[in-house]
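2 protein chains.
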Amino acid sequence: MSLLSSSTVLFQNNTNKSIQIVFKPVKYNGVVFHPVKHNGIVFHPVKHNGICRCVSTPPAEMIDYKTKVSRNSNMAKLQAGYLFPEVARRRNAHLLKNPDAQIISLGIGDTTEPIPEVITSAMAKRANELSTIEGYSGYGAEQGEKLLRAAIASTFYSNLDIEDDDIFVSDGAKCDISRLQVLFGSGVTMAVQDPSYPAYVDSSVIMGQTGLFQKDVEKYGKIEYMKCTPENGFFPDLSAVSRTDIIFFCSPNNPTGSAASRKQLTQLVQFAKDNGSIIIYDSAYAMYMSDDKPQSIFEIPGAKEVAIETSSFSKYAGFTGVRLGWTAIPKQLLFSDGFPVAKDFNRIVCTSFNGASNIAQAGALACLSPEGLKAMNEVIGFYKENTNIIMETFNSLGFNVYGGRDAPYVWVHFPGRSSWDVFGEILEKTHVVTTPGSGFGPGGEGFIRVSAFGHRDNVLEACRRFKQLYK
Amino acid sequence: MSLLSSSTVLFQNNTNKSIQIVFKPVKYNGVVFHPVKHNGIVFHPVKHNGICRCVSTPPAEMIDYKTKVSRNSNMAKLQAGYLFPEVARRRNAHLLKNPDAQIISLGIGDTTEPIPEVITSAMAKRANELSTIEGYSGYGAEQGEKLLRAAIASTFYSNLDIEDDDIFVSDGAKCDISRLQVLFGSGVTMAVQDPSYPAYVDSSVIMGQTGLFQKDVEKYGKIEYMKCTPENGFFPDLSAVSRTDIIFFCSPNNPTGSAASRKQLTQLVQFAKDNGSIIIYDSAYAMYMSDDKPQSIFEIPGAKEVAIETSSFSKYAGFTGVRLGWTAIPKQLLFSDGFPVAKDFNRIVCTSFNGASNIAQAGALACLSPEGLKAMNEVIGFYKENTNIIMETFNSLGFNVYGGRDAPYVWVHFPGRSSWDVFGEILEKTHVVTTPGSGFGPGGEGFIRVSAFGHRDNVLEACRRFKQLYK
Chain A
100 MSLLSSSTVL FQNNTNKSIQ IVFKPVKYNG VVFHPVKHNG IVFHPVKHNG
150 ICRCVSTPPA EMIDYKTKVS RNSNMAKLQA GYLFPEVARR RNAHLLKNPD
200 AQIISLGIGD TTEPIPEVIT SAMAKRANEL STIEGYSGYG AEQGEKLLRA
250 AIASTFYSNL DIEDDDIFVS DGAKCDISRL QVLFGSGVTM AVQDPSYPAY
300 VDSSVIMGQT GLFQKDVEKY GKIEYMKCTP ENGFFPDLSA VSRTDIIFFC
350 SPNNPTGSAA SRKQLTQLVQ FAKDNGSIII YDSAYAMYMS DDKPQSIFEI
400 PGAKEVAIET SSFSKYAGFT GVRLGWTAIP KQLLFSDGFP VAKDFNRIVC
450 TSFNGASNIA QAGALACLSP EGLKAMNEVI GFYKENTNII METFNSLGFN
500 VYGGRDAPYV WVHFPGRSSW DVFGEILEKT HVVTTPGSGF GPGGEGFIRV
550 SAFGHRDNVL EACRRFKQLY K
Chain B
100 MSLLSSSTVL FQNNTNKSIQ IVFKPVKYNG VVFHPVKHNG IVFHPVKHNG
150 ICRCVSTPPA EMIDYKTKVS RNSNMAKLQA GYLFPEVARR RNAHLLKNPD
200 AQIISLGIGD TTEPIPEVIT SAMAKRANEL STIEGYSGYG AEQGEKLLRA
250 AIASTFYSNL DIEDDDIFVS DGAKCDISRL QVLFGSGVTM AVQDPSYPAY
300 VDSSVIMGQT GLFQKDVEKY GKIEYMKCTP ENGFFPDLSA VSRTDIIFFC
350 SPNNPTGSAA SRKQLTQLVQ FAKDNGSIII YDSAYAMYMS DDKPQSIFEI
400 PGAKEVAIET SSFSKYAGFT GVRLGWTAIP KQLLFSDGFP VAKDFNRIVC
450 TSFNGASNIA QAGALACLSP EGLKAMNEVI GFYKENTNII METFNSLGFN
500 VYGGRDAPYV WVHFPGRSSW DVFGEILEKT HVVTTPGSGF GPGGEGFIRV
550 SAFGHRDNVL EACRRFKQLY K
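Next up, the structure:
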């Protein structure tokens with residue numbers, strides 16, 4: 100048997116034309132498949148349906164037809180999979196190896212508690228009404244239903260001079276983040292807390308705002324990573340941050356669980372103002388706050404001229420599967436040429452979106468009724484109790500533990516260790532899924548994020564196992 | 100009083116620094132506001148909260164702060180509003196002028212008939228279950244629930260070798276079109292039927308795939324417009340079409356109502372194959388077809404190597420407000436470097452989307468049950484009767500009428516007239532909202548699209564009014 104650098108086959112393609120194909124070595128999953136000569140027969144490496152194998156005379160239909168469309172080079176920049184599907188993949192691989200393991204997921208931050216009945220019954224009612232002539236509705240406004248926009252404005256932005264028509268109802272903050280990236284286009288630069296929710300960076304890469312991934316520093320070129328560590332209280336040293344067009348800022352933060360104080364946010368707004376930057380403020384965990392830190396960036400004077408706020412019912416009402424969020428863009432926020440940002444976002448929403456599901460919108464409206472708000476707060480209170488249990492556990496084991504007070508995430512320090520290693524160790528030995536800190540950026544290395552979303556029994560059981568492992 | 104070319108004011112800004120501001124003439128809504136000197140006092144034009152006025156000494160907070168972020172130049176290329184909001188705007192203006200008018204909308208193609216009870220009750224059930232521990236679910240797979248993916252594959256692609264995991268469930272075809280544009284990025288070229296559903300072109304402009312809008316020909320630079328006219332049976336002369344990376348193709352077509360035959364689609368697939376292009380095939384009206392023309396592009400041999408198909412429950416089950424669609428991307432579809440397109444789309448979906456609402460997915464699953472399919476076909480049958488009524492009306496008035504047989508749209512020819520004028524005439528004299536053909540591209544000039552989505556009484560009344568106007 101001998102390896103060849105290439106081999107040539109002549110055969111007929113679909114349209115009966117005789118064509119000649121040259122087979123060269125193929126790299127697949129890190130392994131190089133060479134054409135091989137064995138007992139006088141040449142075997143050619145062929146990729147088909149995602150599998151690479153060597154065949155003697157490949158039939159025409161096994162030759163992959165390739166279009167002449169180039170792959171978007173920005174897509175090629177992305178590293179591996181998006182974090183959470185990758186966590187799920189490793190969890191499933193673990194389950195395959197350990198079919199009897201009682202896996203507990205404190206990983207991807209998925210809500211587990213039922214949606215309060217006052218909210219689901221409003222959705223069921225709306226669904227049922229859609230089968231009646233009086234209750235049927237088709238396309239809604241792309242920006243969301245008027246009543247809901249008004250309820251969001253008055254509930255979350257009362258006295259902040261954010262009006263109904265500044266609110267764009269959406270199918271979730273993650274989706275809006277990508278629509279905002281499309282709005283700003285490939286020509287802007289961006290800053291991000293490090294660590295942070297990976298959708299900011301990944302959507303920026305996809306839009307072509309960044310350079311290549313730099314393996315040595317685990318960062319993409321052209322992104323300004325604002326390091327958030329225990330040393331700086333998880334608020335970046337802005338004097339060390341270069342100007343960018345866009346600043347993504349999440350508070351309370353995912354994954355560190357820290358919330359910025361009024362003084363810090365005032366600094367951030369002033370920083371944006373001095374630089375003429377736009378802050379995209381993700382407040383999806385604001386209702387988890389334990390004290391009177393600002394729940395909205397618009398509580399900071401002048402913020403309306405430099406900030407967009409995006410948020411969601413996902414973690415308030417268990418709407419991770421129902422899908423409902425919103426983005427607030429004040430009329431005062433202007434591009435350098437004076438054009439209102441909200442006007443362009445409106446155009447994006449009208450062109451690329453058709454409004455959130457009317458049933459989900461009915462649910463959100465119920466969330467903002469007095470009973471709905473009370474019920475949401477009860478669910479949030481339950482998860483906050485979980486957070487306390489997890490924090491106490493890691494504290495009792497002598498770990499340095501951060502976050503937790505203002506967000507449903509506990510940020511546990513394993514100094515000097517690789518967070519994927521710790522993730523693997525915890526999964527292997529306790530069957531508990533967490534999230535490795537480095538998945539949120541290089542600044543997350545050495546940390547593990549433990550989510551407080553779980554049934555109480557599971558959280559208690561996970562904590563028992565943590566105590567066993569790290570006692 | 101004298102007009103000045105500029106005026107200068109010295110005052111203090113928020114941070115108490117003294118700054119000098121030069122006021123120049125401001126153009127607003129087509130009117131130029133000059134600085135004005137009157138009785139010795141200089142008045143300066145100031146824009147604030149979207150209103151332009153002249154003030155004598157503008158207080159600091161009235162000076163619009165502008166960020167230093169440049170507006171995305173692709174957004175600036177877009178012409179006026181997106182078509183349908185623009186139609187709605189004109190409809191509302193008409194209503195303001197004629198508050199007593201009994202307006203009938205056969206315009207934006209919005210469904211009007213209730214959703215069959217077998218479908219709404221499945222959604223209500225799912226909504227109610229979300230308030231129980233057993234029935235609650237959070238994040239679903241970004242690609243959609245397995246059962247639904249399987250049901251879509253087996254219902255719409257049985258025997259076509261499209262597998263469950265080739266199906267990406269979404270919140271609608273319009274949203275998927277934009278996600279596909281993000282997937283392909285700014286470097287591709289595109290072709291589109293002229294006329295066509297405006298989301299294809301507008302999303303391409305937003306992504307930066309096109310040149311500027313050329314007023315003289317009413318086309319964007321770098322887009323290949325494939326003219327579809329009565330003369331070519333609304334199927335483009337492919338020999339006159341230049342190669343592009345992407346070919347948007349909608350059949351049955353919105354707005355012309357024409358569906359391509361098997362022979363025509365075979366030509367289209369061969370054309371794509373010869374050019375190495377990718378077809379994005381929009382089949383959102385396939386179930387309206389009256390004969391055995393292909394309902395899916397994948398019925399054409401070889402299409403899986405060159406095509407993506409996107410579709411929706413909007414016009415089948417009245418889901419325009421519920422929001423549910425899907426996109427099918429075969430594994431065989433490869434970029435020029437051999438990378439599967441579906442893999443990149445999966446990454447887009449995981450990064451920019453979080454799955455369709457679980458309640459809407461329960462509805463879609465019910466649509467595909469035997470009872471659901473029967474109910475959907477009844478609704479479609481009802482709209483097809485509407486279509487016949489509209490076609491007969493315009494036929495009887497001596498118009499050349501196209502479409503209608505395979506789609507819920509009637510395409511009426513008003514040769515030599517501006518379609519916005521005809522739109523205005525019909526709205527003014529009959530209070531019926533239609534859609535001007537030129538809103539779908541220059542090839543739509545001289546046509547009006549009449550949608551068959553309406554209550555029967557309204558359709559009959561609209562036709563009575565058409566007969567009065569054009570008798």
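So the sequences go chain by chain: A and B. Going letter by letter, the first sequence gives residues 100 to 570 in this note's numbering. Going letter by letter, the second sequence gives residues 100 to 570 in this note's numbering. Beta carbons: idealized from backbone N, C-alpha and C, even for Gly. What you are looking at is a predicted structure, and each value in this text was computed from that prediction instead of being measured.
Specify the secondary structure class of residue i as computed by DSSP and reduced to three states.
i	result
PHE552(A)	coil
TYR569(B)	helix
PRO429(A)	coil
GLN313(B)	strand
GLU330(B)	coil
VAL340(A)	coil
GLU185(B)	helix
GLU560(B)	helix
PRO541(A)	helix
GLU323(B)	strand
GLY149(B)	Low confidence applies here, because GLY149(B) scores a pLDDT of 49, under 50, leaving its location unreliable; read the following figure in that light. Three-state result, GLY149(B): coil.
GLY462(A)	helix
HIS530(A)	coil
LEU502(B)	A small fix is needed here, since residue 502(B) is Gly in this sequence, not Leu. Strand at GLY502(B).
PRO535(B)	strand
TYR508(A)	strand
Looking at residue j and residue i, is the spacing between their C-beta atoms short of 8 Å?
i	j	result
LEU423(B)	ALA455(B)	yes
ASN457(B)	ARG225(B)	yes
ILE407(A)	LEU433(A)	no
SER558(A)	ILE489(A)	Inspection of the sequence shows that residue 558(A) is occupied by Val rather than by Ser. In this structure, ILE489(A) lies closer than 8 Å to VAL558(A) by Cβ.
MET325(B)	GLN369(B)	no
GLN308(A)	LYS321(A)	yes
GLY545(B)	PHE513(B)	yes
SER382(B)	SER360(B)	no
ILE261(A)	ALA441(A)	no
PHE348(B)	TYR380(B)	yes
ARG504(B)	PRO354(B)	no
GLY271(B)	ALA506(B)	no
PHE412(B)	ALA463(B)	yes
SER230(B)	THR534(A)	no
THR211(B)	GLY237(A)	yes
ALA551(B)	TYR508(B)	yes
SER277(A)	SER451(B)	yes
At what residues does the alpha helix (DSSP H) containing residue i begin and finish?
i	result
ALA290(B)	That residue, ALA290(B), is in no alpha helix (DSSP H); its beta strand (DSSP E) goes 289-293.
THR486(A)	469-495
ILE346(A)	Here ILE346(A) belongs to no alpha helix (DSSP H); instead the beta strand (DSSP E) covers 345-349.
PHE444(A)	440-451
Alpha carbon to alpha carbon, what distance is there between residue j and residue i?
i	j	result
ARG170(B)	PRO351(B)	37 Å
PHE498(B)	VAL281(A)	43 Å
TYR89(B)	ASN227(B)	Outside the displayed range of chain B (100 to 570) lies residue 89(B), so it cannot be described from this structure.
GLY536(A)	SER204(B)	54 Å
ARG188(B)	CYS562(B)	23 Å
PHE110(A)	PHE438(B)	Residue placement at PHE110(A) is flagged as unreliable, the pLDDT there being 49, under the threshold of 50; a coordinate-derived value is accordingly withheld.
LEU364(A)	ILE399(A)	7 Å
ASP436(A)	SER303(A)	23 Å
ALA416(B)	GLN201(B)	27 Å
LYS403(B)	ILE266(B)	13 Å
TYR299(A)	GLU317(A)	15 Å
Could you give the first and the last residue of the continuous beta strand (DSSP E) run that contains residue i?
i	result
ASP381(A)	377-381
ALA406(A)	406-411
Entirely enclosed alpha helix (DSSP H) segments - the segment 200-229 of chain A, minimum 4 residues
List check, alpha helix (DSSP H) in window: 216-228.
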